[in-house]
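Visitor: Each step along the sequence shown adds one to the number in the numbering used here, with nothing skipped, and position 250 is 1138.
No residue lacks a Cβ here, since even glycine has one placed at the ideal position from N, Cα and C.
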Amino acid sequence: MSLEFFNWILIAFSALGLVVFVALFFIKAGYGMFRTRQWGVSVPNKIGWVCMEAPVFFVMWALWWQSGTGAKGLPFLFFLLFELHYFQRSFVFPLLLKGKSRMPVAILLMGVVFNLLNGYIQGEWLFYLAPDGFYDEAFIYRPAYWVGLVLFFVGMGINWHSDYVIRHLRKPGDTRHYLPQKGMYRWVTSGNYFGELVEWTGFALLTASPAAWVFVWWTFANLAPRAYAIRRKYREEFGREAVGKRKCLIPYIF
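(1) For M991, which three-state DSSP category applies?
(2) Is it buried or exposed for H973, if we count other Cβ within 10 angstroms and need 16 for buried?
(3) Out of curiosity, what's the CA-to-CA distance linking A1018 and R1055?
(4) Verify whether the separation of the beta carbon atoms of W952 and F967 is less than 8 Å.
(5) Mind checking whether K1059 and L985 have CB atoms under 8 Å apart?
(6) Fully enclosed by the region 925-993, which beta strand (DSSP E) runs are 3 residues long or longer?
(7) Please check the pair V1086 and G1043, which I expect to be a contact at CB under 8 Å, by giving their CB distance rounded to whole angstroms.
(8) When the distance is taken between beta carbons, is A1109 closer than 8 Å to L906?
(9) Among Y919, I897, R1030, whose alpha-carbon lies nearest the alpha-carbon of M940?
(10) Just to confirm, is the Cβ distance from L1111 to I1009 under 8 Å?
(11) Pair every Cβ in the region 997-1011 with every Cβ in the region 944-958, then say whether three or more of these pairs are closer than 8 Å.
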């Protein structure tokens, strides 16, 4: 694939992200607290998350394997970080889920399509299209490299801890909703989403990859409308005073 054609793919993918961003303010993606029977056939949450997230793990692995990059250089480091996230999201996170929630097959399939496309553009840039010498030894002396590396792990830590907080809101057999209060939830009502946004922003800074920045945009486009809807639902259920001044996604801003 030529770099010019790849750039057009990124532009088209970004434009589609804008459509999704606007649409999700009017249509609540039907998983989690917003699942309804109108979304049709569903599968257990654990199966849904594995099926939805695992494809990107294997796509990135296949692109790395076919590239012959091997276990050397910065692209391999970036590959390991990307795979670390998706190994946890595909094979660890689902096993930790509690309760009997279900995921609509429609949501699952949309997630699979996105993950396949995203995995492809990330791997295509890192292993095939990055200019020769782009990831040379001097690359690690860029301030953005170290800032990005720190943000990646900070965001991952926030994301994992926020998921832990959510999992422990209910006792076995309880199906009620609760307002999370610990960790990042002291500042935003969707602490897990904030962590993921920070994580992928760090990855984009770290790699200086145009595909990674498109992923950051998609992360925001997908999560911001949902975070907004979650905050509104919390206000309806628990009252404005209980939610307080906490923002939806980004502390003190949004």
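Guide: Inspection of the coordinates gives the following:
(1) If you number the sequence shown from 1, residue 991 lands on position 103. When secondary structure is reduced to three states using DSSP, M991 falls in the strand class.
(2) On the sequence shown, position 85 is the one that residue 973 refers to. Burial call: buried.
(3) If you number the sequence shown from 1, residue 1018 lands on position 130. If you number the sequence shown from 1, residue 1055 lands on position 167. Distance between the alpha carbons of A1018 and R1055: 40 Å.
(4) Taking the first residue of the sequence shown as position 1, residue 952 is located at position 64. Taking the first residue of the sequence shown as position 1, residue 967 is located at position 79. A contact, by the Cβ cut-off of 8 Å.
(5) Numbered from 1 along the sequence shown, position 171 holds the residue referred to as residue 1059. Numbered from 1 along the sequence shown, position 97 holds the residue referred to as residue 985. The answer is no: Cβ separation not under 8 Å.
(6) You should have 930-932, 990-992.
(7) Looking up residue 1086 in the sequence shown gives position 198. Looking up residue 1043 in the sequence shown gives position 155. Indeed, because the Cβ distance is near 3 Å, the residues count as touching under 8 Å.
(8) Sequence index remark: in the sequence shown, residue 906 carries index 18 (1-based). Sequence index remark: in the sequence shown, residue 1109 carries index 221 (1-based). Going by C-beta atoms, L906 is nearer than 8 Å to A1109.
(9) Taking the sequence shown and counting its residues from 1, one reaches residue 940 at position 52. Among Y919, I897, R1030, the Cα nearest to that of M940 belongs to Y919.
(10) As a first step, residue 1111 is located in the sequence shown; it is residue number 223 there, counting from the start. As a first step, residue 1009 is located in the sequence shown; it is residue number 121 there, counting from the start. In this structure, I1009 does not lie closer than 8 Å to L1111 by Cβ.
(11) Enough Cβ pairs lie closer than 8 Å, so yes.
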